[in-house]
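First up is the structure itself, then whatever we jot down about it.
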Amino acid sequence: MKKIQHIHPVIALLMTALLVFTVSCERDFDELEPAGFPTTPEVFIDGFSAGLAYAAFGGSNVTAFAVDEEVKYAGTSSMRFAVPDAGDPEGAYAGGVYYTAEGRDLSGYDALTFWAKASKSATIDLVGFGNDLKDSKYLAYLQGLKINTNWKKYIIPIPEASRLTEEKGMFYYSEGPEDGLGYTFWIDELKFEKLGTLAHKRPIIFNGEDAVESTVNGIRIPLTGTSFIFNMPNGIDQTVYTSSAYFNFTSSNATVATIDSTGMVSVLSEGTSVITAKSGDVDAGGSLTINSAGDFTHAPEPTIPAERVISIFSDAYSNVPVDFYNGYWEPYQTTLSADFKVNDDNVLNYTNFNFVGIQFTSPPIDASNTDTLHMDVWIPNAVTAADKLSVTIVDMGADGALDGNDPSISYEIPGPLTSQTWISVDISISALSSKSRLAQIILENLSTSLSGFYLDNIYLYGSAGGTTEGPSEAAPAPPAREAGDVVSIYSDIYTNLEGTDYPDWGQVTVLSGTTVADDNTLKLANLDYQGIQLAASQDITGMEYLHLDFWTENSSSLNVYLISSGPVEKAYALTVPTSGWSGVDIPLSDFSPVDLADLIQLKFDGNGDIYLDNIYFYTAGGGGGGNGTCEDPTEAPPAPTEDAADVISVFSDAYTDIANTNFNPGWGQTTIVTTESIGTGSSLKYDNFNFQGTNLGGADGVDQDLSSMEYLHIDMWTCDATVVEVTPISRTTGEKLVSLAPINTGQWNSYDIPLSDFSGVSMADIFQLKFDCQAGNNPSKIFIDNIYFYTTGGGGGGGGGTTTGPATAAPTPPVRDAGNVVSIYSDAYTNIAVDNFDAGWCGGAAVTGVTIEGNNTLKKNAGIDCHGIDFSSNRQDLSSFTHIHFDFYTDDTDLTGDVFNVKLVDFAGGAGEASALEVNINTGTTPGIVAGTWVTVDIDITSLGGIVTNNLTRSDIAQIGITTANLTNVWYDNIYLYK
Amino acid sequence: MKSHNVTITKGILLFAALLILAACGDNTELEDRSYEMVWQDEFDTDGALDGSKWVYDLGGGGWGNNELQTYTNNPLNVRKEDGSLLITAINTGGSFTSARIKTMGKFDQAYGRFEARIKLPWGPGIWPAFWLLGADIETNPWPACGEIDIMEYRGQEPNMIHGSVHGPGYSGGAAITKSYGFPNDRFDVDYHLFAVEWGEDFIQYFVDDVLYQEIQPGDLTGDWVFDHPFFIILNVAVGGDYVGFPTEDTPFPQTMYIDYVRVYEEVN
């Protein structure tokens, strides 16, 4: 038999090269055929195509994606995406990447196509390709893909296929809950195609605008707004958003400004340059004209002595910890940051400015010893007399929380503003009613033409000679140590753990950050106690000592605690008061039995006013200790807190359990089941555990109707189990194992599993439970406790709560043609897409979705007086709609002053409210507010009068506002317009 | 005008399915016919239309189909530029202007080959057409005068055109019609040649010289009225019963580009 010789493609290329050189010395490498990559078009047809892998995005629900063999468009299976509910502890959204290890040559295709449908009408946030989990150079994606319950083909045009000769990013997606609720969508027949029916490609940069930027040398400006518009096979234009790599950029004057391949513009010298782009041969719409005025002028050097300054942003002083210099507050903030550094001078640079917040809450600033906020502002572009900029300084106030009800002062920088010069602003904060917990500076654009500014030297300072409290000198600086020898909580010398929080546990203590001689220092005023919450559990078994510096004149008691999970805590008493700064180095063994492998918190308690600095763990060097040994629990898990009326309990000390449950039916398991007394209660112990069943309510199990429940709660402790799964078992539909994850060994783990995770298992006839560890370490030993099903309430009536709500659903609206209804919220009609169903106009989420007799209903959240529904990107011309309908229910006993107000906000083609049509209901109107029954409002809006007021214009309705001021409890439903 | 003889050779006759999206029918050689060009407009000079050849239809009112546009003779809506005639539909805040031109009273002919090379506009609700109407329409009202639609197109289906005849008993929605579509291309990207060849007992429809429909008297559900002179119409309508209405996603302005219109008589 003849031996077949395989030639690796790279070798083949080399051989070709040799051959070419042999026959012709004039040819160059450019003419050589490159080794090709596979042109495989399939991504997912009935399974993963060759080489395809999946990775879920961080923070997403990692189990959102699954292959579905029951629902499919064609073939044998489809891709199923289970979008979680808002706040799902396993991940609040669905998202991930399908990629290949070896690139594919996609240059012969013009689109990625797929079929999709969903369990309800929905808008997928993002679908695209080009994300390879590494460089993701050639990203291309659609935003806001509308899907519904019917299979439909979707097309993502490839912006410029010739670039995709080695692409690894086959597909990626991201989708969150819709109005807080999860749902499911399916994708099938996902593949690259050459359609030939995509036309009229229009590349775009800077969103198609010819932007002008007045600037100076050294500034960097990011390219933004890159996309392509294609005309689709249905004649409709579609925007594909992309990375900048699809474009070739040109600077008309490279001595003034250059742009690199990533789209970052660097301003080099005085003059004008226009940045333009092409994709292939096609000129991109949009440009950026750079007008550089020359060298950057640094802000004036601060002159206030450092000991009188608390600095938020400057290169002259040490800055206090700052959460962020741009909070990107959604949804209304447009401001971007393009901060830069010229000659070691860091400068904040806000572009596309409407408002922006700088926040410093960990800890907030004690500005008691200061009276003035300083900042330097530079406006690069021309200003008009109307341009105004305001500064608001916010203190957390007595409640220690930023809650929209905080002491603040606003200051408008005196005009007229001037451009291209540093404007130094000194704002008195003396009038601020509380300034011991400053937490935010908010800058707001009070005009429309101010596009941005630079900001430098933001600091608070006090007058010379002012009385100061506390230490006059900084705590001694700690010695230099190897990074591996220190775990630092709070110091200016070492790198501190990120994300450390100083939580509000109800203490009286006022905690703040201050500076002492330009050294950041923590101040605990009027101490009772104060916790320090680490962002993640820390293993400090490699450390030997806790160091801290403290200073107090008036304390008579001060303890420091370490706390591990459980919680397990141990105090160490510090000697107070001090004479100047005291430093201690406490051996960590003094904190036994705290688990040093699992340090989660620190705590101080005592009295007086304390200053603290240099809180860190360290080792003098040398080996660390061994791992702690994991032992059986000695304390009971935390007691459950759910209202007994909302619970059906299997095993707990807190609730009445289902009677006659058999906790050890013989299913052939190896497990030995015992009940152990642990701490204050008893727990189930599964020793030699492989799997274990429980028959509910009787020796052989009695059906339990759990359909009104939402979660299964379990507390578990183990030292050796790696995977533990649980399922309720339905008599008719069987079981579905769900993992208890994550498992932290040697501590109680608390799990609340949404019953929806047990998909396919009917909750109406649960008669057994099963635990199983066979997917991991087997056999193992676990302790379990507080096994119960519960609901978060809102469901059926009953309960002795103060709020019972309507016992019946709102009346079902009549059947109407879809074209005759625009529904905002109802189960009867298809609701329109909205940008934000609960826009937080009155300080927080206004409503909670509840189910009444199976009907979705909105319930007002306590204390939030208005509900904003924003659909400004899906505005409705309601001119031809003649009636508005809504139903509401209140159980308030005192209806005095109660008003239920619904407002249709018309934008008249603009960006904000131009007029509004309002419907006002109170006890004197017809219909009027009546307690204890559904009130149906179904009113003609073609003329003013009665309850219809204000303005009838409704050709460009972008928002609906529902104001429920004075109503304590109100439910509402069926908000729609019809004709 | 100097006339010259041409022989137009067609390669292939496709026995078309109702909608041809792939060449899958039987192939037959077509007979060659010799034609002499008798009328043409090449649109080679920029500016306004040649008034000796064309007249404008002006105004609105829906044109019997609930169309939205108002026809004008404004150069923004109709002009010659770079060797083509441009008919442009413009959206001014939800009211639409466009143009419709015809050879009525200037030129008409029975039988022969009528052709135009056209690049089409696109977008939902855009309805361009190249068509013929019986020259006796003022004394013999539509549909009795007859209508031959050489090319009609819906902007939401940019890969498909339609050829039809209307007459007594087969007008409006009951017209005799067939469609021709590209599987991997569109009519709004490049120019394509749309033609009919019309004899005493047949009308053949061509796209780029591919025959996709032949209508004979026996195919009709009424009388054959294609026995007298017809004149030529070119227009871009916006909205209407045939095409549906433009949406907020329809890009405007939209332009139909006509490279030339030529008419031939058959010679032996």
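As you go down the protein sequences, you meet chains A and B in turn. According to this note's numbering, the residues represented by the first sequence are 1 to 979, in order. According to this note's numbering, the residues represented by the second sequence are 980 to 1247, in order. Note that beta-carbon positions come from the ideal geometry of N, C-alpha and C, so glycine has one too.
Simplified DSSP assignment, three categories, for residue i
| i | result |
| --- | --- |
| TYR976 of chain A | strand |
| GLU307 of chain A | helix |
| CYS1003 of chain B | Because CYS1003 of chain B sits at a pLDDT of 35, beneath the cut-off of 50, its placement in the model cannot be relied upon, and the point is left open. |
| ALA639 of chain A | coil |
| PHE758 of chain A | coil |
| ASN951 of chain A | coil |
| PHE591 of chain A | helix |
| ALA741 of chain A | coil |
| ASP28 of chain A | Residue placement at ASP28 of chain A is flagged as unreliable, the pLDDT there being 42, under the threshold of 50; the coordinate-derived value follows with that caveat. Of the three classes helix, strand and coil, the one that applies to ASP28 of chain A here is coil, per DSSP. |
| SER434 of chain A | coil |
| PRO1232 of chain B | coil |
| SER677 of chain A | strand |
| ARG163 of chain A | helix |
| ALA116 of chain A | strand |
| GLY1041 of chain B | coil |
| ASP376 of chain A | strand |
| ASN526 of chain A | coil |
| ALA644 of chain A | helix |
Residues that residue i contacts on chain B, provided the C-beta gap is smaller than 7 angstroms
| i | result |
| --- | --- |
| GLY196 of chain A | ASN1163, ASP1164 |
Chain-ordered chain B contacts of residue i [CB-CB under 8 angstroms]
| i | result |
| --- | --- |
| PRO414 of chain A | Within 8 angstroms Cβ-Cβ: nothing; PRO414 of chain A doesn't reach chain B, min ~42 angstroms. |
| ILE147 of chain A | Here the premise fails: no neighbours, minimum Cβ distance about 17 angstroms. |
Under 8 angstroms from the C-beta of residue i: neighbouring residues of chain A
| i | result |
| --- | --- |
| GLY1041 of chain B | Chain A residues near GLY1041 of chain B: none, gap ~19 angstroms exceeds 8 angstroms. |
| GLY936 of chain B | The shown model of chain B, from 980 to 1247, leaves out residue 936 of chain B, and the question about it has no answer. |
Residue i and residue j closer than 7 angstroms at C-beta
| i | j | result |
| --- | --- | --- |
| ASP110 of chain A | GLY75 of chain A | no |
| ASP339 of chain A | ASP315 of chain A | no |
| GLY286 of chain A | ILE205 of chain A | yes |
| ILE766 of chain A | PRO728 of chain A | yes |
| ILE1129 of chain B | TRP1110 of chain B | yes |
| PRO478 of chain A | ILE458 of chain A | no |
| ALA845 of chain A | ASP838 of chain A | yes |
| ILE219 of chain A | VAL267 of chain A | yes |
| VAL1242 of chain B | TRP1018 of chain B | yes |
| PRO177 of chain A | ALA277 of chain A | no |
| ASP590 of chain A | SER537 of chain A | no |
| TRP115 of chain A | LYS146 of chain A | no |
Which residues DSSP lists as bridging residue i, in chain order
| i | result |
| --- | --- |
| ARG1058 of chain B | B:LEU1065 |
| VAL1186 of chain B | B:PHE1173, B:VAL1189 |
| GLY95 of chain A | A:SER174 |
| PRO728 of chain A | A:LEU769 |
| GLU1094 of chain B | B:ALA1174, B:ARG1241 |
| GLN1048 of chain B | B:PHE1075 |
| PHE249 of chain A | A:ALA277 |
| TRP551 of chain A | A:TYR611 |
| ASP179 of chain A | Answer is none; ASP179 of chain A lacks a bridge partner. |
| LEU534 of chain A | Answer is none; LEU534 of chain A lacks a bridge partner. |
| ARG220 of chain A | A:SER266 |
| THR812 of chain A | Bridge partners of THR812 of chain A: none, in fact. |
Cross-chain neighbours of residue i in chain B, by beta carbon under 9 angstroms
| i | result |
| --- | --- |
| ASN405 of chain A | Correct list: empty, because the minimum Cβ distance to chain B is about 41 angstroms. |
Beta-carbon neighbours of residue i, restricted to chain A and to distances below 7 angstroms
| i | result |
| --- | --- |
| GLY1084 of chain B | Residues of chain A passing the Cβ test: none, with the nearest at roughly 35 angstroms. |
Partner residues on chain A for residue i, Cβ-Cβ distance less than 9 angstroms
| i | result |
| --- | --- |
| PRO1230 of chain B | HIS200, ILE229, ASN231, GLY235, ILE236, ASP237 |
Listed by chain order, chain E residues near residue i by CB distance under 9 angstroms
| i | result |
| --- | --- |
| GLY1102 of chain B | Although the question refers to chain E, the structure presented lacks it and instead comprises the protein chains A and B. |
Does the segment 369-389 of chain A touch the segment 207-226 of chain A, meaning 3 or more C-beta pairs lie closer than 8 angstroms?
yes
Are there three or more Cβ pairs, one per stretch, closer than 8 angstroms when the segment 1058-1077 of chain B is compared with the segment 1150-1163 of chain B?
no
Any contact of the segment 919-935 of chain A with the segment 874-889 of chain A, i.e. 3+ C-beta pairs under 8 angstroms?
Touching, per the Cβ criterion.
Below 8 angstroms, how does it come out for the segment 1037-1048 of chain B and the segment 1202-1221 of chain B: are there three or more Cβ pairs, yes or no?
yes
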